[in-house]
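Each number in our numbering corresponds to the 1-based position in the sequence shown with 114 added. All C-beta atoms, glycine included, are put in the ideal place defined by N, C-alpha and C. These numbers were taken from a predicted model, which means no experiment stands behind them. Input: a single structure, listed below in C-alpha cells.
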Amino acid sequence: MLTILLISNAPLQTWYGGGQLDNPACGGSRPSDNDLVVAASESSGIPCHSTVHIHYHGKMVSAKVVDRCAGCDAKWLDLTKGTFKKLAGLDVGELHGVHIRVFPA
115 MLTILLISNA PLQTWYGGGQ LDNPACGGSR PSDNDLVVAA SESSGIPCHS TVHIHYHGKM
175 VSAKVVDRCA GCDAKWLDLT KGTFKKLAGL DVGELHGVHI RVFPA
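What follows is the structure, given as C-alpha cells:
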C-alpha cells in the first residue's frame, strides 16, 4: 500500500551545499550541488530514499531524500542548490508557504 503524506504551508525551506553534502545520513555516494536531492529532519517521519514533490509559486520539483537535517523541524527540508534553483533563485535564501507531497520509499 502506498501512503502519500502531504505537508501544507511548510514554514521554511532552505538550501545547503559544499561540504555539508559529505557523508549523507541515508547512505550512498555523496550528492553534488546540482543533484535533485534533499535532507529531511528525523522528526519529519519521512523515510530515507523517499521521493518528495515540492510545490512553490506554480513550480514543482521532484527530489529524493538522501540526508538528514539535524537543525530542521519536522516540516523543514534542506534542498541542494540544484533543487532550490528549480523553485527560486539562491539569493532568495528561504522559501515560505511550500507544499510538499511525500512518496515513501
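Original post:
Cβ of Ala-153 within 9 Å of Cβ of Tyr-170?
Top reply: no
Subject >> Contacting residues, own chain, Cβ-Cβ under 6 Å from Asn-148 (five flanking each side not counted) >> reply: Result list for Asn-148: Gly-196, in chain order.
Subject >> Inter-stretch contact at 8 Å, needing at least 3 Cβ pairs: the region 170-185 / the region 136-146 >> reply: As far as the Cβ criterion goes, the region 170-185 touches the region 136-146, which means the pair count is three or higher.
Original post:
From Met-115 to Ala-177, what does the alpha carbon distance come to, in whole angstroms?
Top reply: Residue placement at Met-115 cannot be trusted, given a pLDDT of 40 that sits under 50; the coordinates are not used to answer.
Original post:
By how many angstroms is the C-alpha of Glu-156 removed from the C-alpha of Val-216?
Top reply: 14 Å
**OP:** Please look up how many angstroms separate the CB atoms of Val-206 and Gln-127, rounded, as I've assumed it's under 8 Å.
**Re:** About 10 Å separates the two Cβ atoms, so there is no contact after all.
Original post:
Name the DSSP beta bridge partners of Val-151, please?
Top reply: Lys-178
Subject >> Member of His-210, Lys-173, Ala-202 and Met-174 whose CA lies at the smallest distance from the CA of Lys-189 >> reply: Nearest of His-210, Lys-173, Ala-202 and Met-174 to Lys-189, Cα basis: His-210.
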